Each structure stands twice: as C-alpha cells, then as structure tokens.
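Working notes for the structure below.
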Amino acid sequence: MIDGIKILCGPVQGFTDCHWRNAHQEIFGGPDGYYGPFMRVEHGEIRKRDLADASPENNTVPVFTPQILACQPKDALRMVEALKDRGHHAIDINLGCPFPPIALHHKGSGLLQYPDEVKKLFTALSKVEDVTYSVKMRLGWDEPYHWRDIIPLLEIIAPTQVTVHPRTGRQQYKGVLNLDEFEAIIATCPYPIVYNGEIKSLEDVTRYKQIFPSVSGLMIGRGLIEDPAMLCPEKATPDNYCELHNRLRDAYTEQLNGGEHQLLLKMKSLWEVFLPNAPRKALKAIKKASSMAKYNIAVNELFYTLDEQ
Ligand SMILES: Cc1cc2nc3c(=O)[nH]c(=O)nc-3n(C[C@H](O)[C@H](O)[C@H](O)COP(=O)(O)O)c2cc1C
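Going by our numbering, the letters in the sequence shown line up with residues 830 to 1138, in that order.
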C-alpha cells in the first residue's frame, strides 16, 4: 500500500518471470501482489515453461496470481485445472494482449470485439469450483468502446477485480491514454477497478490516485522493470540493481544450460528496458558485447559508473 492504495506489479512477458519477481520482491519490494505473464496452450499443450513459472515451488512472493490468455473454453479450462492442481485458486484472465498474431486469433484484446465468444469463455470458466477470477483488459480492440459489451458479461464470473489499461489493442503500448473512457468504465462496472498505464514514479502513483480516487488499486508494468526501486527510492542503489541483475544472470545461466548465445540475447533483452537512464556509453557497450565475457565487463563498468555518480 502506498498512500493507502494497493499497488500491483503487472505481468510483462519476457521480463517479470518467477526469477525477476522473486528477486524484485526480496531486494526491493513495494507491490502488494505480483501477476504472472500469460500462459497459453500451444499445439494442444500448455507450455512446460509457463507451468514451471507459475508453480508454487518457483514462486516465493507472498501474493502471486498466474494469468491465462483468454481463448477457446476448452483450452482455458485446461489451464485453469492445471493451475488448480498446483494450488492456485485465483487466476487472472488476459483480455488485453495487443500483439497482432494473438489478437487476430480472437485472443487477448482481440477477443473484446466478440462478446459472444467472451460469454462462452466466461460461462465455461464459471463452472469450475474453488477458483476466483480477475480480468485484465483494454478498452477494446480497435475501438475504445468495445468494453461496453463486455462489462455486462462480467457478472458471469463475478471477478474480484478488473484491471483496465485505457488504450485499444491497436494502440499497443503507445499513444494517448483514454482517461474519459476509463472514467466511464468506473461509472459502469460494479466490480473493483484497477488502473494501469504509464505509472513511472511515486509522483505518478499519487497523481493517478488523485485522478481516480475510487479505484481499488494501481498496476505498474514497465515502470518497475525500468526502475525496480521505483516504489522505494531509498533502495535505488547500484548494489541493489547489481544484485537483481546478477540473480537473473545466474538463473538464466542455469535455465539456458550453458548456451552462451541464448544467454547473451536474454541478458541484452533485459537492458532494452532496465535502467534507461544509466550512462549511454555503458548501455551501448552492453548492447554491443559479442560474448558473455565482454558483456560482464560492460555490466561491471556500468554499475561502477553508477556508483561513482
Ligand atoms: C513486452 C510486454 C509484455 C507484456 N506481457 C503481458 C502479459 O503477459 N500479460 C498482460 O496482462 N499484460 C502484459 N503486458 C502489458 C503490461 O502488463 C501493462 O498492461 C502495459 O505495459 C501498460 O502498463 P505500463 O504502462 O505500466 O507498462 C506486457 C507489456 C509489454 C510491454
């Protein structure tokens, strides 16, 4: 809780996996809960990696909610049952993913324009016992009003919370946030609403809390990857950033089983988002590194430079 409002760490596929979540919570902390990136069924099977990421033995954060990518009822039921078998009784439903290959297959935000399919999905999910659902959605796929046909369907699953990112799927992660439509959702939806979008600092937390005093929480996505100490500035030290980085590098070294090229790509992808305000020269050296040995030298140099500042 910050300023009396619940703060949630949103799911960001490729970044906020169990290693990041566990390390973030132990080193920095701040969020009241963490959400897992969506799991999905591929070629009739739930991806093993996704199940491992959601397994209780791999998650040490006190409040963790796994997410499923909304799809055909039979696939969704399969994921819910698999999660239930692993002890999860609260599951988030993704109605927000904007990635075209997914959305064009009536999944994520792509499903928002098909209320009949949403109804079938919710109806199937509502029959599972001992599971509560939350929903994470956008305003619509390519129009900011598709939500109007979705909100009345929520009563089928009576969600514990509805997180809204006030953009359309077509907008992806850029462009104007449609706060008027968000306000309209608050006025229409009888379930607790969480605001999500462009919260990058503690000042933003205060600002959005003031703009939407009735929301039940704020969810932060990229802001916490960019600056993991965003919610606790006193922990914004090079040592803490380095600790997070090293824990991730160790975990991916083990996960990728010595594949240097893959490890290098994985670690470089972290730096596409992590610490964007670090010295440019040091960031550039990391992006240019052609081996893990060179990468490690560049990373040490970056943390050393941060220490000097
Ligand atoms: C690379 C990337 C991957 C994402 N993966 C997921 C995901 O798996 N599930 C989900 O609900 N949202 C996902 N999101 C959306 C974020 O949770 C969040 O809604 C979005 O980034 C807007 O919030 P922000 O401005 O605080 O980042 C992803 C966003 C990005 C940029």
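Just so it is clear, CB atoms sit at the ideal spot from N, CA and C, and this is done for glycine as well. In this text, all values refer to a predicted model and were calculated from it rather than measured experimentally.
Proximity to residue i [Cα-Cα], best of the options
i	options	result
E984	N1069, T961, G1004	T961
M1096	D846, G1087, L1077	L1077
R840	Q901, E886, V964, T1066	Sequence check: residue 840 is Pro here, not Arg. The shortest Cα separation from P840 among Q901, E886, V964, T1066 belongs to V964.
L924	A1122, P995, S1030, E874	P995
P988	F1011, C1018, W976, E1010	C1018
D861	R850, F867, V870	R850
Y1020	D832, T997, I980	I980
P1108	T1134, G939, S1120, P944	T1134
Alpha-carbon to alpha-carbon, residue j and residue i
i	j	result
I897	D879	10 Å
P927	K1116	27 Å
A1118	Y1124	5 Å
P895	E958	17 Å
D846	R1051	13 Å
P902	K1113	46 Å
L906	A953	7 Å
K956	C900	16 Å
A1058	F857	6 Å
V909	E1032	37 Å
A1065	L1073	11 Å
V947	Q1138	52 Å
Heavy atom of ligand 1 within 7 Å of residue i beta-carbon
i	result
N888	no
F1011	no
Q1000	no
F1132	no
Own chain, CB closer than 6 Å to residue i, minus 5 neighbours either side, in chain order
i	result
D1136	P1067
F1132	P1067, C1071
I931	G937
Short Cβ contact (8 Å threshold) for residue i with residue j
i	j	result
V1044	Y1024	yes
Y863	F844	no
I1015	I1049	no
G859	D882	no
Close Cβ partners of residue i (< 7 Å) along its chain, the five nearest in sequence each way excluded
i	result
P1042	none
M1121	E1089, L1092, L1093
A911	I875, L880
S1098	G843
E871	none
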